[in-house]
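>
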Amino acid sequence: MQMTTPIALLDQLPKRIPVSQDDGMACIAVQSHDDVVQTVQLANQTQTPVSLSPYPANLGAVLLDFQKLNQVIRHRPEEFLITVETGITLEKLAQRLEPFNQRFPFVYNPSRTMLQVLAEETPSLAGTRYGRLKQFVTGIHAVTGDGEPIHYGGEVVKNVTGYDMCKLFVGSQHRFGLLTQVTLKLDPVPEASRAFLFHIEDLQPAMELLHKLKRLLPHPEMLALFRTKKTFGWQILLTLSGYKQSVQIESDRVHDATSHLNSDLQELFLAPKALEQWVQRLDWLSPEEPHALVIQVMLPEKVWMDFPYRFMGLPWMKSADVLMPLNTQQLMLRWISVNIPSDYDLLFFKAQVEAMGGFARIRRAPIPSPVDAVAFNRQPNPVLRRWESRLRQAYNPNGILPEYSPWILPTQGGGGQ
Amino acid sequence: MTIKLSALVRSFRQIVGREFVHREPEVLATYESDGCVLMKARPDLVVLPNSTQEVAAIIQVCYEHKVPFVARGSGTGLSGGVLPMQGGVFIGMSRMNRILEINPDNRTATVETGVINAWLNREARSYNLFYAPDPSSQAACTLGGNIAENAGGIHCMKYGVTMDHILGLEIVTPEGDIVWVGGEHGYSDGTDWVGLFVGSEGTFGIATKAIVRLTPLPEKTKVFLAAFNRLEDSTDAVASIIASGLKPAALEFIDEFTVKAVNQAFDIGFPETSEAVLLVELDGSAQTVALDETRLLAILQSHSVSQLRMAEDEKERLKLWKARKGAVAAYGRILPAFYLHDCVIPRSELTHVLRQIQAIGEKYNVIIGNVFHAGDGNLHPNILLDPKDADMTKRVLDAGEEMLEVCLSVGGVLSGEHGIGIEKAHFMARQFSEAELDVMQRLKRVFDPAGLSNPEKIFPTRTGCGEIRKGLPEKILQTGAGWI
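As they're listed, the protein sequences go chains A and B. Here the working numbering is used: the first sequence runs in plain steps of one and ends on residue 417. Here the working numbering is used: the second sequence runs in plain steps of one and ends on residue 901.
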């Protein structure tokens, strides 16, 4: 699209919608679904690109700020469902649910908004038990890139009426539309929970223990292997939750199965809230987490379990923080500042992952890195590339919404070029 | 069509062999209906491929000559989803019925989509695993059909619907390409192609292979039968179970009429003096089931349960579920056909809506049996009919329409697991605005710009003035003696 200045849009914007300046960019603080509809429609009329705060903006774009679009529309505790505006933070959502002894079970940095986690469908450590985030979304209100409002699903837990538009908008990184409201399934706060942390120096015994715990426990809430620069060697985080008696029995099984191991087992005797805060630090995709480069890899489980043996010996892997939550089949690699792998290393790595039946994508921010993210993240399959192109044409025909996300960065300046 | 039928036959015979292409009227007649017996439409040709490459070759011919096609599994669908509305080619998937791999370590299976749901379960159980979606037709329905409709079943309350168990798909696109989406990891890179494809009712192409998630068999399972003298007590008990946070593996409702029908058919011994029966299954570790049981029984007692029975052993448990799954067949002893709805409502509205359904039955003087997935709020009012009785058939259709209005009025949706197909397409405008329908239909054009894959499904067809057609499609009424 031809870039314009946002003046025409701002002139026509209703006065009730506040506009501020953010680093010289116009920032529109939308406060309702209708505000978003109106703004995106005006953006289409005036050919003004729109970006979402705090994501990178196109040249000449206006920023949409969802911070004030943060209300609980309806909570139906008896149905374990809540409808919220997507600017709500996870912290505010948790506060709202606490008196009802309910929770949204996926754990992220609490300052994140629903919009951020839904747009990326950020995997959570709790995916070990709860699966994918989008399985907890029963309804959406959204605005397509050409300004068409849409409502799909609602306060029902099962629905095959027409095409599942939730699947299009959740996880697609704002490329086809903006989510403004979502209805989410909730879960009761468990009667009891316990967490264990195993410190193991070498990778091989750590992986063996991970296998063992996987076989031992059918449904742990979280089971993840990780290594950070701040810690020595490898760590396994295990959390159990449910009835007091069940958790006690499972804890005893864990103790019995690991007592002979040469590992340092630490039980995290933390109150549930403190435990949650401890786990939230492992949300590496949070904008607040420092990173120069993050690679997210999805792999078949059989390969996932072999993966560390094949790759952790590579020199450039030694400087990476590693996070592997079980059963989400993902592997997160993070470089905070130094020893970032070269383009050659990354492209070789990507090819290996694809040969193993998985895929990898990178995000570099906020520190620039030499890696060409667009080339790295480009869809390799021609049929899927064709479908992607048609989706953009169908839902973002004027290119108003960014055609990139934190995962799909442009090489220079303007998006979609 | 821009090609003669005989030329198509020649092309397809070259692809799959002479014996797997059919145009004989007596063969075509066997494909003219699915489980929704109210409607029928006949294809011009039936082709039975044996591999993904053959499916792709067939579709390439269709694409080249702009011939519509419809894939068909076992034809157990309940929304007319496989009716060939524009004629064309039926692609029968029954020969593609191989279980290619069961990987117990990964808890996955790779299958061709003509595999029968129950076959996969039988194989998986030998590894102490199961495939969770279990529609009532699981002894006959194919996984491809389940994928097309995003089928549910009795145990999807706890374990989720088909979508939650599909990790990857091999798809033949409506343009004849073969592509894999998702994979054993269950994620798509960027756009959730698997999530979009599952439940698209065959309108985005044909899934030829699937990687499915298998679930470990629970350590302990218990089924309870709870009878209530008043319908309100049973539905209030359902609402209380949900509100308590308990997650039964299954929570099913059977009304008095259906109880009697099932007893006559299966001699199951359901209590006949009650207005409603709930079947509740708990599963998990022995400890968890014991604790869940204590809470469940307290809830049932607080809602004046009149009789409570527990399946003593696996044999009795299976007998109860067989009776539940056979309920619809039991109606056949009373009248020869039924019209089955599938709307979903908030569970707290069950009492209100069921009473409304009863009142509608009385208003139109029709027999309604209710047997449904109460835990999901997924109603299945079965309106019995004799299709030879035109007056009764009209009353059945009118009653069904009024029921759907009631469901929509409480925030419900048209379908929970059967899909929209052709049968409910004309109701879509009641749930969605014209603009919303348009936004949805753009997806169809992404996958199938030529509109060849299972055309005229899901969305209401427009007449000349942009008006959305009301009532079941006239085309079906006019051709092939649409009504049985």
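Heads up, the beta-carbon is just placed ideally off N, CA and C, and yes, glycines get one too.
1) Does the Cβ of Tyr344 of chain A have 16 or more other Cβ atoms within 10 Å, making it buried, or fewer, making it exposed?
2) Tell whether a beta-carbon distance below 8 Å holds between Gly504 of chain B and Ile839 of chain B.
3) Which one of B:Lys637, B:His602 and B:Lys805 has the shortest CA to CA distance from Ala666 of chain B?
4) How about the segment 772-785 of chain B and the segment 796-804 of chain B: do they share at least three Cβ pairs that are nearer than 8 Å?
5) With H, G and I counted as helix, E and B as strand and the rest as coil, what does DSSP make of Gln12 of chain A?
6) Helix, strand or coil for Glu710 of chain B per DSSP?
7) Counting only C-beta atoms, is Ile875 of chain B closer than 8 Å to chain A at any point?
8) Using a Cβ cut-off of 8 Å, pull out every chain A residue sitting near Ile659 of chain B, in sequence order please.
9) What residue range does the alpha helix (DSSP H) around Glu208 of chain A cover?
10) In its own chain, which residues sit with a C-beta less than 8 Å from the C-beta of Ala898 of chain B, not counting the 5 before and 5 after it?
11) Could you say which of B:Val464, B:Thr527, B:Val856 and B:Ile564 lies nearest to Glu834 of chain B if we only look at CA atoms?
12) If you draw a straight line from the alpha carbon of Leu455 of chain B to that of Pro804 of chain B, how long is it in whole angstroms?
13) Say whether chain B places a C-beta atom closer than 8 Å to the C-beta of Phe198 of chain A.
14) Are any of the Cβ atoms in chain A nearer than 8 Å to that of Val499 of chain B?
15) Starting from the C-beta of Gln379 of chain A, find all residues in its chain whose C-beta is less than 7 Å away, skip the five residues before and the five after it, and write them out in chain order.
16) Looking only at its own chain, which residues have a Cβ that is under 8 Å from the Cβ of Pro368 of chain A, when we skip the five neighbours before and after it?
17) Got a sec: is the Cβ-Cβ distance from Gln555 of chain B to anything in chain A below 8 Å?
18) Where does Thr878 of chain B fall in DSSP's three states?
19) To the nearest angstrom, report how far apart Glu242 of chain A and Ser193 of chain A are at their CA atoms.
20) Pairs of beta-carbons, one from the segment 127-139 of chain A and one from the segment 269-287 of chain A, closer than 8 Å: are there three or more?
21) Return the CA-CA distance between Leu118 of chain A and Val72 of chain A, expressed in angstroms with no decimal places.
22) With a CB to CB cut of under 6 Å and the five nearest residues on each side skipped, what residues in its chain are close to Asn871 of chain B?
23) Compute the beta-carbon to beta-carbon distance between Val156 of chain A and Gly794 of chain B, rounded to the nearest angstrom, for a pair I have assumed lies under 8 Å.
24) Can you tell me the Cα-Cα spacing of Thr122 of chain A and Leu184 of chain A, whole angstroms?
25) From B:Asn567, B:Leu696, B:Lys841 and B:Ala474, pick the residue whose C-alpha is nearest to that of Leu613 of chain B; which is it?
26) Near Ser251 of chain A, what residues of its chain come up, given a Cβ to Cβ distance below 7 Å and the 5 sequence neighbours on each side ignored?
27) Measure how close the beta-carbons of Gly87 of chain A and Leu115 of chain A come, nearest whole angstrom, since I'm counting them as under 8 Å.
28) Given Glu288 of chain A, which residues of its chain have a CB within under 7 Å of its CB, disregarding the five upstream and five downstream residues?
29) Could you tell me whether any Cβ in chain A is nearer than 8 Å to the Cβ of Glu834 of chain B?
30) With a cut-off of 8 Å on the beta carbons, I'd call Ala351 of chain A and Leu333 of chain A a contact; round off their distance for me.
31) Using 10 angstroms around the beta-carbon of His260 of chain A, count the other beta-carbons present and answer buried if the total reaches 16, otherwise exposed.
32) Distance cutoff 8 Å, beta carbons only. Does Asn871 of chain B sit that close to anything in chain A?
33) Determine whether the Cβ of Tyr548 of chain B lies closer than 8 Å to any Cβ atom of chain A.
34) Beta carbon of Gln329 of chain A, beta carbon of Glu354 of chain A: below 8 Å?
35) Closer than 9 Å by beta-carbon distance: list the chain B residues that pair up with Ala420 of chain A, in chain order.
36) With respect to the beta strand (DSSP E) encompassing Glu529 of chain B, which residues constitute its N-terminal and C-terminal limits?
Well, looking at it:
1) exposed
2) no
3) B:Lys637
4) yes
5) helix
6) helix
7) yes
8) Glu78, Glu79 and Phe80
9) Leu203 to Leu216
10) Because Ala898 of chain B sits at a pLDDT of 27, beneath the cut-off of 50, its placement in the model cannot be relied upon, and the following sentence gives the value as read from the coordinates. The residues are Lys457.
11) B:Ile564
12) 8 Å
13) no
14) no
15) Arg385 and Glu388
16) Here Pro368 of chain A scores only 45 on pLDDT, less than 50, and its place in the model should not be relied on; the value that follows carries that caveat. Closer than 8 Å at the Cβ level, and outside the excluded window around Pro368 of chain A, lies no residue.
17) no
18) coil
19) Here residue 242 of chain A is Gly; the residue named in the question, Glu, does not match the sequence. Their backbone Cα atoms lie some 7 Å apart in a straight line.
20) no
21) 16 Å
22) Val487, Gly619 and Thr620
23) 6 Å
24) 15 Å
25) B:Asn567
26) Arg194 and Leu240
27) 6 Å
28) Asn109 and Ser111
29) yes
30) Rounded, the Cβ-Cβ distance is 16 Å, inconsistent with contact.
31) exposed
32) no
33) no
34) no
35) The question about residue 420 of chain A has no answer here: the residues shown for chain A are numbered 1 through 417.
36) Thr525 to Glu529
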